[in-house]
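Novice: FYI, in the numbering used here the residues of the sequence shown are 213 to 481.
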Amino acid sequence: MDRMLTGLDHVRLAVPSLAAAASACRELGFTVTAEREDDQGTPSQSLMFTHDHIELVQAAPSSEAEPNLAALAVGTRNAGATASAWRRSGLFTTPKTASERTLDGQPDTITSLEVSPTPHEIAGLPILAAAHLTPESLRQPDWLRHPNTATRLATVTVVVADPAACATALDKLFGTAALTWTDRILTVRLGHVAVVLLEPDDLDLLHSGAASPDTNPAIVALGFHVGDLARTARTLTANAKPFSTRPDGSLGIDLDQRIGCLVEFRGER
213 MDRMLTGLDH VRLAVPSLAA AASACRELGF TVTAEREDDQ GTPSQSLMFT HDHIELVQAA
273 PSSEAEPNLA ALAVGTRNAG ATASAWRRSG LFTTPKTASE RTLDGQPDTI TSLEVSPTPH
333 EIAGLPILAA AHLTPESLRQ PDWLRHPNTA TRLATVTVVV ADPAACATAL DKLFGTAALT
393 WTDRILTVRL GHVAVVLLEP DDLDLLHSGA ASPDTNPAIV ALGFHVGDLA RTARTLTANA
453 KPFSTRPDGS LGIDLDQRIG CLVEFRGER
C-alpha cells in the first residue's frame, strides 16, 4: 500500500513560553526562525533543517497538562492519497485542512494541507501528515545555518503508557517494516529519523537519570546530527551551556524546563 509518505517532517513541541524556549535553543547553538502565527493566532518559531524541523508552539494558557508533544508530523507527497490509504487500513481520518501562517505580523505564503487520524484510534499519539504547498517559503537559507552545525533531526524519544498498543496503530499508519522491537522498546523508522517509544519504567535504559514526565505521551529527548561535533562543543562552551560527553562521543545536555526535554548531539555517519 503506497501511503505517499516521505518520513518525519517535523515535531511540534508545545512550550510554556515561546520566548523562553527560543532563548534556550539559541543557547544550544541553534538558529531560531522569526515568529509566525497560524490562522488561529497561535505563535510559533522553528529550528529549521533541510529535510525536517522542530516547531516550537506556544501552549494554550488553559492547558491543564504539562506542555510538550503537540504533534509528530510526517511528510506526504499527497495528503488525499495518504488519507485514503489510512482509511483503507481501518482508520478514520479528519478532512484535509489548509494551514496558513503570517511572519512577523505580515501575511506570508507558507501553506500546508494536514490530515490526521482521530487520537483515540492511535493510542493517543498526536500524529498528522503534512503536505507543504509552498516549500520554497518554508525554509530561508539563513535559517538552515546553525552555529552548532546541526544538520538534521536524528532521534525522538517518546514516553508512552503502552508501546504495544501504539504498535498496533502505527502498523496501520506506516506499515510493519517501519517498526522494530528491542525488548520492550519500540523504534519507528520514519525516513532518516528514529522515533523511539518506551514506557516510563524503561526510560533509564536509554537516558540514565532522566526524570519520567508527569503525563504521556511526552517527548523526553531529541537527538540531532551535526556536521562538526568539536565545533558543537565549542559553541556550547561559549554559551556557558553545560554538557557531558558520552562513551560513544555524542554530547548530552540535561533537561531544560524551557523546552521540556533532553537534547543530544552526534556526529554525522
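Where is the CB? At the ideal position from N, CA and C, for every residue including glycine.
Does the beta-carbon distance from Phe-477 to Arg-364 come in below 8 angstroms?
Specialist: Cβ atoms of Phe-477 and Arg-364: not closer than 8 angstroms.
Novice: With respect to the alpha helix (DSSP H) encompassing Leu-385, which residues constitute its N-terminal and C-terminal limits?
Specialist: Taken as a continuous stretch (DSSP letters only), the alpha helix (DSSP H) holding Leu-385 covers 375-386.
Novice: Run the CB neighbour count on Leu-225, radius 10 Å, all protein chains shown included, and call it buried at 16 or more, exposed below.
Specialist: When all chains shown are included, Leu-225 counts as buried.
Novice: For Pro-319 and Pro-359, what's the separation of their Cα atoms in angstroms?
Specialist: Any reading at Pro-319 needs caution, since the residue's pLDDT is 48, under 50, leaving its predicted position unreliable; the model's value is listed next. Approximately 29 angstroms between the Cα atoms of the pair.
Novice: Is Ile-471 helix, strand or coil by DSSP?
Specialist: Looking at Ile-471 - three-state DSSP - the assignment turns out to be coil, as it is neither helix nor strand.
Novice: Hey, Phe-455 and Ala-362 are a contact pair by Cβ (cut 8 angstroms); roughly how many whole angstroms apart?
Specialist: Wrong, their Cβ atoms sit about 14 angstroms apart, outside the cutoff.
Novice: For the 8 angstroms Cβ check, are there 3 or more pairs between the region 438-452 and the region 400-414?
Specialist: With the cut-off at 8 angstroms, the region 438-452 and the region 400-414 do not touch.
Novice: For Val-370, I'd like the list of residues in its chain whose CB is within less than 6 angstroms of its CB, leaving aside the five on either flank, ordered along the chain.
Specialist: Counting only Cβ-Cβ distances below 6 angstroms, and skipping sequence neighbours, we find Leu-409, Pro-429 and Ile-431.
Novice: DSSP beta-bridge partners for Gly-287?
Specialist: DSSP lists Gly-219 and Ala-342 as partners of Gly-287.
Novice: Among all the DSSP beta bridges, which residues are the ones paired with Glu-239?
Specialist: None, per the DSSP bridge assignment.
Novice: Going by DSSP, what residues sit across from Trp-393 in a beta bridge?
Specialist: Note: Trp-393 sits in a beta bridge opposite Leu-398.
Novice: State the start and end residues of the unbroken alpha helix (DSSP H) segment that holds Arg-446.
Specialist: Arg-446 -> alpha helix (DSSP H) spans 441-450.
Novice: Helix, strand or coil for Glu-480, going by three-state DSSP, please let me know.
Specialist: Correct three-state label for Glu-480: coil.
Novice: For a quick check, are the C-beta atoms of Ile-465 and Lys-453 less than 8 angstroms apart?
Specialist: Yes, the pair counts as a contact, with Cβ atoms nearer than the cut-off.
Novice: Can you give the Cα-Cα distance for Thr-306 and Ala-450, rounded to whole angstroms?
Specialist: Taking the straight line joining both Cα atoms gives about 46 angstroms.
Novice: Thr-367 to Val-223, Cα distance in whole Å?
Specialist: Distance between the alpha carbons of Thr-367 and Val-223: 11 angstroms.
Novice: Using 10 angstroms around the beta-carbon of Leu-398, count the other beta-carbons present and answer buried if the total reaches 16, otherwise exposed.
Specialist: Burial call: buried.
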